[in-house]
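*Asks:*
There are 2 protein chains.
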Amino acid sequence: MLVERAAEMLARREPVTLRALVAGTGASTMAVYTHFDGMPGLWRAVRQEGFTRLARRLDEVETTDDPVRDLAALGAAYLTHALADPALYRVMFDAAADLDDPDEAARSFGHLVAAADRARRAYRFRDDADPAAVATRYWAAGHGLVMLVLTGVLPFEALTAHAPAMACAEFVAAGDDPRRSAESVRSGWAGVELERPVGSDSRRPGDV
Amino acid sequence: MLVERAAEMLARREPVTLRALVAGTGASTMAVYTHFDGMPGLWRAVRQEGFTRLARRLDEVETTDDPVRDLAALGAAYLTHALADPALYRVMFDAAADLDDPDEAARSFGHLVAAADRARRAYRFRDDADPAAVATRYWAAGHGLVMLVLTGVLPFEALTAHAPAMACAEFVAAGDDPRRSAESVRSGWAGVELERPVGSDSRRPGDV
DNA sequence: ACCCTATCCATAGCAGCGCCATGTATCGTT
DNA sequence: AACGATACATGGCGCTGCTATGGATAGGGT
Chain A
557 MLVERAAEML ARREPVTLRA LVAGTGASTM AVYTHFDGMP GLWRAVRQEG
607 FTRLARRLDE VETTDDPVRD LAALGAAYLT HALADPALYR VMFDAAADLD
657 DPDEAARSFG HLVAAADRAR RAYRFRDDAD PAAVATRYWA AGHGLVMLVL
707 TGVLPFEALT AHAPAMACAE FVAAGDDPRR SAESVRSGWA GVELERPVGS
757 DSRRPGDV
Chain B
557 MLVERAAEML ARREPVTLRA LVAGTGASTM AVYTHFDGMP GLWRAVRQEG
607 FTRLARRLDE VETTDDPVRD LAALGAAYLT HALADPALYR VMFDAAADLD
657 DPDEAARSFG HLVAAADRAR RAYRFRDDAD PAAVATRYWA AGHGLVMLVL
707 TGVLPFEALT AHAPAMACAE FVAAGDDPRR SAESVRSGWA GVELERPVGS
757 DSRRPGDV
C-alpha cells in the first residue's frame, strides 16, 4: 500500500515525492490521483495512518484499578508512539485537523478522558474536575514536550526528565494527592523505556 | 528587507516562493543566494526574525515583586506573540534548533529561568525546584497548547480556558501555594486579551 | 588617471516537483 | 460475447529552487 510505503520513506528520512513514492511499486504516478486525489490526499491518508497506529497503541494499554496510573501509562504509550516514528508524528500534527476520519483521533483522546473520569469517580481528582479539560491539558503538555524534543530544541533526555513531572503537575492540579500521584506515575511508567530516535531531525520548511 | 517581506507574506498566508519573494522588490532571485545562501538560509533568517520579535516582546514585560505573576505575564506575552503571526510561529519551531544566533532564543528562555529563580528565592517555589526545569516545563506546556490551537486541533477558546490552569499546575508543582498561584496568574494575565488569528490555519505538508 | 580586483546582481536555463489530459488495458456486469 | 466502468501508463505543462555565466559598479594601489 502506498500509505505504508510513504510512512516507511518518512521513517527512513527519504524525501517523499510523488515519483519516488511510486517508483519500484510498478505503479505510476496516476495511482496517487485515482486513490488519494493527489498528494494532499495522500498526506491526509498518512496522517490518518499515524492516528490509527496511535489508537492501536493506546488500545493495548491495560486498564487497572489505579486510573492515575493508567493516565501515566497512556502518556508513556503516547510518547513511545511519537518516538517510534518522529517524522510521522510531525506529519500527523502538521494539519491534524484535516483527517479522513476524525473519530479515530477522538477515540484516542477518549482514552484519556475516560481515565480522567475514572480518576474523578475514584475520588483521586476533584469532583468538579472536568475530565475533558484534564485530558486536554495533559495532552497539550505532552505534545509540547515531545515536539520540542523532536525538533531538536530540547535534548532527548528532556523527555524522561520532564514528562513524569509534568504529568504529576496536571494530576495534582486536578485534585490528586502529590505523593499518591507520584507513585501512580512511577507505576504507569514502569517498564517503559523510551528509545532515542535514530537520527536528529533537522527538517527545513519545504522539506517533507 | 527580504526577511520582513517573507514574514509579511507568511502573515498574509501567501506561498513564500523565491520568485514571488523578490518580485516587486527590484531585486532578482540571486539576491537570496548572495545574502542568505539560498532558501534554507532565508528560512533560517525568518526563524531568527521570529525569535527576535519574541525576545522584544518578552523584554517589555515588566518585572514586579511577584515573580509568579511575572511568569504568568511572560507566558501571556508568549501566547500573544504566537497569535500575532501564527504562520511565523510555526516556521520558528519547524526547525528551531537551526538558527543563526541561538543565543537570542536562549535569552528569551532566560527570562523564564530568571523569573523562576526569583520565585524560588522569594520562597514561592521549593528550594530544590530547579529554575531551568520549571521554565522548560512551563514553556513546553504552553508550546503544546498553542501549537494544538494553531493547527486547528483545539479551538481558539482553548487558550484562555487552559493556559492559566496549566501555568498554575506547573507553579504549584514547583512549590507555590495553589491559592496564591491562582491569584498571581490572574494578575499576570490581567489586561491581556488574546486575539483570534484572522483565519484558521489549514496548511498541508509541502506548503510553506 | 588608470587599471585591477572584488562584490553584487540580472539573465537564462537546468533538473526536479505536483499535476493532469489523453489513450489504453483490465475487470465485472448483463 | 459485448458493453460500461474503472484503473493505469505515457507525455507534457507550469511551477519550484538553484546556479553558470557575464555585466555593472565601486574601491584602492600605483
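Keeping their order, the protein sequence lines are chains A and B. Heads up, our numbering is the position in the first sequence plus 556, with the first residue counted as 1. Heads up, our numbering is the position in the second sequence plus 556, with the first residue counted as 1. Heads up, the beta-carbon is just placed ideally off N, CA and C, and yes, glycines get one too.
(1) What is the DSSP secondary structure of A/Gly762, counted as helix, strand or coil?
(2) Quick check on the DSSP output: what are the complete alpha helix (DSSP H) runs of length 4 or more inside the region 669–719 of chain A, in order along the chain?
(3) Should B/Arg760 be flagged as near chain A, meaning a C-beta pair shorter than 7 angstroms?
(4) Helix, strand or coil for B/Phe665? Go by DSSP, reduced to three states.
(5) Find the residues of chain B that neighbour A/Thr692, judging by a C-beta separation of less than 9 angstroms, and give them in chain order.
(6) Go to A/Thr508, then tell me how far its alpha helix (DSSP H) extends in each direction, as first and last residue.
(7) Evaluate contact between the region 690–697 of chain A and the region 682–701 of chain B, counting only Cβ atoms and requiring at least three cross-stretch pairs below 8 angstroms.
(8) Counting only Cβ-Cβ distances shorter than 7 angstroms, please list the residues of the region 601–613 of chain A near chain B, keeping chain order.
(9) Between B/Thr636 and chain A, is any beta-carbon pair separated by less than 7 angstroms?
(10) So, with DSSP's three-state summary, where would you put B/Val728?
(11) Just by C-beta distance, which residues in the region 721–752 of chain A are closer than 7 angstroms to chain B?
(12) Given B/Gly762, which residues of its chain have a CB within under 7 angstroms of its CB, disregarding the five upstream and five downstream residues?
(13) Comparing the C-beta of A/Thr620 with each C-beta of chain B, is any distance below 7 angstroms?
(14) Which of the three DSSP states, helix, strand or coil, is assigned to A/Pro734?
(15) Taking only the alpha-carbon atoms, compute the straight-line gap between A/Trp599 and A/Leu577 and give it to the nearest angstrom.
(16) Taking the C-alpha atoms as reference points, what is the distance between B/Leu558 and B/Arg603?
(17) Is the CB of B/Ala576 under 7 angstroms away from at least one CB in chain A?
(18) Which chain A residues sit within Cβ distance under 7 angstroms of B/Gly594?
(19) Excluding the 5 residues preceding and the 5 following B/Glu751 in the sequence, name in chain order all residues of the same chain whose CB lies nearer than 7 angstroms to its CB.
(20) Taking the alpha-carbon positions, what's the A/His591 to B/Asp622 distance?
(21) Is A/Ala662 close to chain B, meaning its C-beta is less than 7 angstroms from at least one C-beta of that chain?
(22) At the level of alpha carbons, what is the spacing between A/Val588 and A/Arg674?
(23) Counting only the same chain and skipping the five closest in sequence on each side, list residues whose C-beta sits under 8 angstroms from that of B/Val705.
(24) With a cut-off of 8 angstroms on the beta carbons, I'd call B/Leu635 and B/Ala719 a contact; round off their distance for me.
(25) Is the beta carbon of B/Ala633 less than 7 angstroms from the beta carbon of B/Leu614?
(26) Are there 16 or more other CB atoms within 10 angstroms of the CB of B/Pro642, so buried, or fewer, so exposed?
*Replies:* In brief:
(1) For A/Gly762, the predicted model reports a pLDDT of 37, less than 50, meaning its position is unreliable and no value from the coordinates is stated.
(2) 687–706
(3) For B/Arg760, the predicted structure reports a pLDDT of 39, less than 50, and the residue's modelled location is therefore unreliable. A value from the coordinates is still provided. With 7 angstroms as the cut-off, B/Arg760 counts as an interface residue toward chain A.
(4) helix
(5) Leu701, Leu704, Leu710, Ala714, Ala717, His718
(6) Outside the shown range of chain A, which is 557 to 764, sits residue 508 of chain A, and nothing can be said about it.
(7) yes
(8) none
(9) no
(10) helix
(11) If you check each beta-carbon in the region 721–752 of chain A against every beta-carbon of chain B, the ones closer than 7 angstroms belong to Ala721, Met722, Cys724, Ala725, Glu726, Val728, Ala729.
(12) The predicted model places B/Gly762 with a pLDDT of 37, which falls under 50 and marks its position as unreliable, so this point remains unresolved.
(13) no
(14) Helix.
(15) 12 angstroms
(16) 13 angstroms
(17) no
(18) The premise fails here: B/Gly594 is roughly 10 angstroms from chain A at the closest Cβ pair, so nothing lies under 7 angstroms.
(19) Leu639
(20) 59 angstroms
(21) no
(22) If I take the Cα positions, the gap works out to 44 angstroms.
(23) Pro711, Phe712, Ala714, Leu715
(24) Contact flag correct, Cβ pair sits at about 6 angstroms.
(25) yes
(26) The residue in question, B/Pro642, is buried, as its Cβ has 16 or more Cβ neighbours within 10 Å.
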